[in-house]
Each structure stands twice: as C-alpha cells, then as structure tokens.
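**Q** Handing you a structure now.
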Amino acid sequence: MDRIRTGLAAYGMSGRVFHAPFISVSPHFELTAITERSKELSRGKYPDACIVRSFDALIGLEGLDLVVINTPDGTHYEYARRALEAGKHVIVEKPFTTTVAEAEELVALAASRGLTLSVYQNRRWDGDFLTVSQILSEGLLGHLVEFESTFPRYRNFVRPDTWKETGKDGGGLTYNLGAHVIDQAVQLFGMPEAVFADIATLRKDGKVDDYFIIHLLRPSKAPEVRITLKSSYLMCANEPRFVLHGREGSYVKYGLDPQEAALTEGLLPGTPHWGEEDKSFWGLLHTERDGKVVREPYPSLPGDYAAFYDNIYQHIRCGKPLQSDAREVVGVIRLIEAAWESSRMQRVVRI
1 MDRIRTGLAA
11 YGMSGRVFHA
21 PFISVSPHFE
31 LTAITERSKE
41 LSRGKYPDAC
51 IVRSFDALIG
61 LEGLDLVVIN
71 TPDGTHYEYA
81 RRALEAGKHV
91 IVEKPFTTTV
101 AEAEELVALA
111 ASRGLTLSVY
121 QNRRWDGDFL
131 TVSQILSEGL
141 LGHLVEFEST
151 FPRYRNFVRP
161 DTWKETGKDG
171 GGLTYNLGAH
181 VIDQAVQLFG
191 MPEAVFADIA
201 TLRKDGKVDD
211 YFIIHLLRPS
221 KAPEVRITLK
231 SSYLMCANEP
241 RFVLHGREGS
251 YVKYGLDPQE
261 AALTEGLLPG
271 TPHWGEEDKS
281 FWGLLHTERD
291 GKVVREPYPS
301 LPGDYAAFYD
311 NIYQHIRCGK
321 PLQSDAREVV
331 GVIRLIEAAW
341 ESSRMQRVVR
351 I
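Everything in the sequence shown is counted per the UniProt record's numbering, starting at 1 for the first residue and increasing by one.
Structure (structure tokens):
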C-alpha cells in the first residue's frame with residue numbers, strides 16, 4: 001500500500017530525536033516535508049525531504065497525508081485544528097493540549113472529518129513500563145497495593161533560551177513529564193475518582209513548575225491501589241523509576257529506558273539490540289515462588305517507540321484500532337487540570 005506522506009511542523013529536539021528517525025526508517029512512511037523557518041539543519045540527514053518555511057506552507061502541500069505537531073505546547077491546539085481543517089491526519093506531541101475544552105474540540109473536529117488524531121504518548125513503549133505491565137499481568141506480586149512512578153531529572157539552573165523554561169508558550173514539568181507518568185498510570189489502572197497534588201517551582205529564579213507529586217485516588221480498574229506520581233528537576237541522586245508493592249512481593253526499578261539516549265547519540269531505530277537495557281539496570285523482583293523467597297533481577301523487556309508509528313500506519317491504511325487515540329488522552333489533560341486545581345486549593349479534587 002502507499003506510504004504515508006508525512007510532514008514535521010518543527011525540527012527542534014522533538015523532531016530530530018523522536019519523530020524524524022522513525023518516519024525515515026519505516027517502509028510505511030515518507031518524510032516528505034520539514035518546517036524550518038530560517039535554517040536548513042535537516043538537509044544533511046534528510047535530503048529528499050522538502051524544507052518549508054511556515055506551518056501554512058506545510059499544511060498547504062498537496063498530497064501530504066499526515067502532519068506531526070511537535071511545536072511548543074501552547075501552539076498544539078491551533079496547529080492541530082488548522083491541520084485537521086486542511087484535511088490532514090494529525091499526530092500531536094504531548095501534552096495533547098493545555099485545556100480539556102481544546103482537546104474535546106479537536107477530537108470532535110477529527111471525528112467530523114473522518115481523520116486520525118493521535119497523541120505521541122511514546123512512553124507507553126518504554127521497556128521499563130512494558131516490563132511493569134508484564135509483571136502485573138502475570139500476578140508476580142500478588143494483589144497490588146502500591147504503585148510509585150518517579151521521573152527523575154537534574155538541572156539545578158534555569159535556561160532562559162527555551163520556551164519550556166520561560167512559560168511564554170506553555171512548558172513546565174507537569175504538562176511535560178507529567179503527561180507521560182499520568183498516561184502510564186491510567187493505562188494500567190484506569191481513570192481515578194479524585195486527585196491530590198502538590199506542584200511547585202523550587203529552582204532559584206524559576207518561572208515554571210519544576211516539581212510535582214500527584215496522588216491518583218481510587219482508579220477505576222483497581223480502586224484499592226495507592227498511586228503516587230512524582231518528578232523534579234532537583235534529583236541529583238536518582239530515586240527509583242518504579243516501585244511496586246503487592247501482598248506477595250515487590251519490584252523496584254532504577255534507570256530510564258535507553259531509547260532516548262540512543263536517539264540523541266544518532267543511532268537509528270532497528271539497529272541490533274535496539275531498546276534493550278543493560279542487565280545492570282534490570283529491576284529487582286522480591287517475592288516467593290513455591291514457598292521459597294526469590295530476590296533476583298527481573299529481565300527488562302526491550303523498548304519499542306517504533307510500535308507507535310507502526311500502529312499509525314495500521315490504523316490509517318488497514319483500519320486497525322488506534323492505540324494512542326486522542327479521545328482517551330483527553331483524560332490525561334483532565335487529570336493535569338485537576339492536579340493544578342488541587343495544588344492551588346490544597347485539597348482533593350474529584351474528577
């Protein structure tokens with residue numbers, strides 16, 4: 001079947017690292033156009049891609065099937081709306097939008113036009129998250145009672161040269177990494193009944209939030225599980241990425257999925273051992289089997305961000321179910337809004 005002709009709305013870090021490599025190596029996609037307002041940084045790597053100078057020029061290209069909205073957070077709604085109105089399928093980088101109202105409007109617009117609208121929740125395909133999902137599905141910890149997900153970062157200074165730090169066009173940790181850890185928790189346990197959160201700016205001269213701790217209360221699939229989600233830019237000593245406690249055992253995992261680091265170094269998806277984690281980073285499983293105590297590393301599954309784009313192709317060309325459907329990601333934005341309200345009001349907020 002015809003390859004999906006794809007355009008990138010920007011060629012910053014997201015475009016270079018998380019989108020262009022997967023589009024370019026897939027036999028199902030063609031990297032047709034890249035938006036660069038003044039530079040031509042993409043020319044060396046993707047000489048066959050057309051460089052356009054504006055978003056209007058991108059969505060005006062005849063024959064373009066799919067547009068990736070990987071621009072600053074505050075532009076997601078407007079650019080996604082305009083791309084849908086131009087008749088293009090759309091992938092939006094996380095966070096989907098900054099408000100639930102914007103998200104619902106885009107979902108309705110895509111449905112009315114019969115177009116695909118997906119959100120790039122790529123960390124559903126992190127190896128550590130896939131491993132956690134496997135451990136839970138196999139019941140290795142018994143009845144789960146506690147789930148902690150922490151995304152550690154360390155940058156104890158504020159960068160004035162990026163919109164992510166100035167707050168002028170979105171940014172902030174809760175909409176950034178919060179969109180990932182919340183989405184992962186919802187994938188495992190469903191939407192919660194309520195949220196309790198503390199969101200703060202802890203770095204000197206900071207203009208956006210750089211710390212959050214969010215509790216999701218009584219999730220629909222497992223109301224008794226206590227869920228804690230956390231991230232901060234002041235974690236010089238890493239905390240575990242995942243901590244799971246059940247009535248028959250625990251699982252503790254340090255370290256981050258290796259795909260982002262590999263992509264940043266210029267490695268391409270599909271290279272040998274892609275997404276595989278060094279054994280030294282495998283999480284520790286502490287449980288009982290056949291009456292004997294087991295305390296040993298549990299093999300991490302390989303991560304696979306390419307699965308996101310494979311699913312996009314299967315959905316658009318073959319009608320298969322869309323795995324990161326914007327309709328369900330509206331719930332993530334709803335939870336982020338609730339977390340901010342909870343932090344401001346210092347109380348539990350019902351969903």
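The C-beta atom is built at its ideal place from N, Cα and C for all residues, glycine as well.
On a predicted model such as this, the values are computed, not experimentally measured, just so you know.
Restricting to Cα atoms, I'd like to know which of G114, D73 and E248 is closest to W163.
**A** The residue you call residue 163 lines up with position 163 of the sequence shown. For W163, the nearest C-alpha among the options comes from D73.
**Q** How about D2 and W125: do their beta carbons lie closer than 8 Å?
**A** The residue given as residue 2 occupies position 2 in the sequence shown. The residue given as residue 125 occupies position 125 in the sequence shown. Contact flag unset, no.
**Q** Give every residue of the same chain whose Cβ lies closer than 7 Å to the Cβ of S118, excluding the five residues on either side of it in the sequence, and list them in chain order.
**A** Your numbering for residue 118 matches position 118 in the sequence shown. Counting only Cβ-Cβ distances below 7 Å, and skipping sequence neighbours, we find I91, I312, L322, S324, D325 and A326.
**Q** From what residue to what residue does the alpha helix (DSSP H) around H89 run?
**A** The residue given as residue 89 occupies position 89 in the sequence shown. Where H89 is concerned, there is no enclosing alpha helix (DSSP H), although the beta strand (DSSP E) it sits in stretches over H89 to E93.
**Q** With a 10 Å radius around its C-beta and 16 neighbouring C-beta atoms as the bar for buried, classify A10 as buried or exposed.
**A** Along the sequence shown, read from residue 1 onward, the residue named residue 10 stands at position 10. Looking at its Cβ environment, which holds 16 or more other Cβ atoms inside 10 Å, A10 is buried.
**Q** Which whole-angstrom value is the C-beta distance of R153 and D65, which I expect to be below 8 Å?
**A** By 1-based counting over the sequence shown, the position of residue 153 is 153. By 1-based counting over the sequence shown, the position of residue 65 is 65. With a Cβ gap of about 35 Å, R153 and D65 do not count as contacting.
**Q** Where E105 and W340 are concerned, what is the direct C-alpha to C-alpha distance, given to the nearest angstrom?
**A** Translated into positions along the sequence shown, residue 105 becomes position 105. Translated into positions along the sequence shown, residue 340 becomes position 340. So the alpha carbons of these two residues sit roughly 21 Å apart.
**Q** With 16 other CB atoms within 10 Å as the buried threshold, where does T271 fall?
**A** Start at 1 with the first residue of the sequence shown, and residue 271 comes out as number 271. T271 should be labelled exposed.
**Q** Identify the continuous alpha helix (DSSP H) that holds P21 and give its terminal residues.
**A** To locate residue 21, count along the sequence shown from 1; it is residue 21. Counting along the chain, the alpha helix (DSSP H) containing P21 begins and ends at A20 to V25.
**Q** Among R347, Q121, E239 and R317, which residue has its Cα nearest to the Cα of P95?
**A** Residue 95 sits at position 95 when you count from the first residue of the sequence shown. Answer by Cα proximity: Q121.
**Q** Buried or exposed for residue 355, please, with buried defined as at least 16 other CB atoms from any protein chain shown within 10 angstroms of its CB.
**A** Outside the modelled stretch of the chain, which goes from 1 to 351, sits residue 355, for which no answer is possible.
**Q** For H215 and V186, which I take to be in contact (beta-carbon distance under 8 Å), what is that distance rounded to the nearest angstrom?
**A** Residue numbering aside, residue 215 sits at position 215 when the sequence shown is read from its first letter. Residue numbering aside, residue 186 sits at position 186 when the sequence shown is read from its first letter. Their Cβ separation, rounded to whole angstroms, is 14 Å, which puts H215 and V186 out of contact at 8 Å.
**Q** Short of 7 Å in beta carbon distance, which residues of its chain neighbour I59, apart from the five on each side in sequence? Order them along the chain.
**A** By one-based count along the sequence shown, residue 59 stands at place 59. Excluding residues within five positions, the ones whose Cβ falls inside 7 Å are V67, R82, A83, A86 and K88.
**Q** Use the C-beta contact count for V208: other C-beta atoms within 10 angstroms, 16 or more gives buried, fewer gives exposed.
**A** Against the sequence shown, residue 208 aligns to sequence position 208. Under this definition V208 is a buried residue.
**Q** Between which two residues does the alpha helix (DSSP H) harbouring D198 extend?
**A** For this step, residue 198 is matched to residue 198 along the sequence shown. Run containing D198: none in the alpha helix (DSSP H); it sits in the beta strand (DSSP E), P192 to A200.
**Q** My output table needs one value for L188: the three-state DSSP class, helix, strand or coil.
**A** For the purposes of this step, residue 188 is taken as the residue at position 188 of the sequence shown. In the structure shown, L188 sits in a helix (DSSP, three-state: H, G or I).
**Q** Given this structure, state the Cα-to-Cα distance separating L136 from D257, to the nearest angstrom.
**A** Taking the sequence shown and counting its residues from 1, the one referred to as residue 136 is at position 136. Taking the sequence shown and counting its residues from 1, the one referred to as residue 257 is at position 257. If you take the alpha carbons of L136 and D257, they lie about 19 Å apart.
**Q** Taking just the CA atoms, how far does R247 sit from R142?
**A** Position 142 of the sequence shown, counted from the first residue, corresponds to residue 142. Position 247 of the sequence shown, counted from the first residue, corresponds to residue 247. For clarity, residue 142 is Gly in the given sequence; the question names Arg instead. Cα to Cα, G142 sits roughly 5 Å from R247.
**Q** Straight-line CA distance for T150 to E62?
**A** As a position in the sequence shown, residue 150 is number 150, starting the count at 1. As a position in the sequence shown, residue 62 is number 62, starting the count at 1. Going from the Cα of T150 to the Cα of E62 covers about 44 Å.
**Q** Which of helix, strand or coil does DSSP assign to A49?
**A** Along the sequence shown, one-based indexing puts residue 49 at 49. It is coil, neither helix nor strand.
**Q** Taking the alpha carbon of R347 as the point to measure from, which residue in D198, R53 and E78 has its own alpha carbon closest?
**A** As a first step, residue 347 is located in the sequence shown; it is residue number 347 there, counting from the start. Answer by Cα proximity: D198.
**Q** Just to confirm, is the Cβ distance from E277 to S300 under 8 Å?
**A** Numbered from 1 along the sequence shown, position 277 holds the residue referred to as residue 277. Numbered from 1 along the sequence shown, position 300 holds the residue referred to as residue 300. Yes.
**Q** Could you check if P21 is buried or exposed, using at least 16 other CB atoms within 10 Å of its CB as the buried criterion?
**A** Position 21 of the sequence shown, counted from the start, is the residue given in the question as residue 21. Per the 10 Å Cβ criterion, buried.
**Q** Going by DSSP, what residue range makes up the beta strand (DSSP E) through K292?
**A** Residue 292 sits at position 292 when you count from the first residue of the sequence shown. Where K292 is concerned, the enclosing beta strand (DSSP E) stretches over K292 to Y298.
**Q** Compute the Euclidean distance between the alpha carbons of A57 and L284, then round it to the nearest angstrom.
**A** Numbered from its first residue, the sequence shown carries residue 57 at position 57. Numbered from its first residue, the sequence shown carries residue 284 at position 284. Those two C-alpha atoms are separated by around 51 Å.
**Q** In the DSSP assignment, find the alpha helix (DSSP H) that holds V107 and state where it starts and stops.
**A** For the purposes of this step, residue 107 is taken as residue 107 along the sequence shown, with counting starting at 1. First-last of the alpha helix (DSSP H) with V107: V100 to R113.
**Q** Nearest by alpha-carbon distance to R203: which of G178, E165 and K230 is it?
**A** The count along the sequence shown starts at 1 and reaches residue 203 at position 203. For the residues G178, E165 and K230, the minimum Cα distance to R203 belongs to E165.
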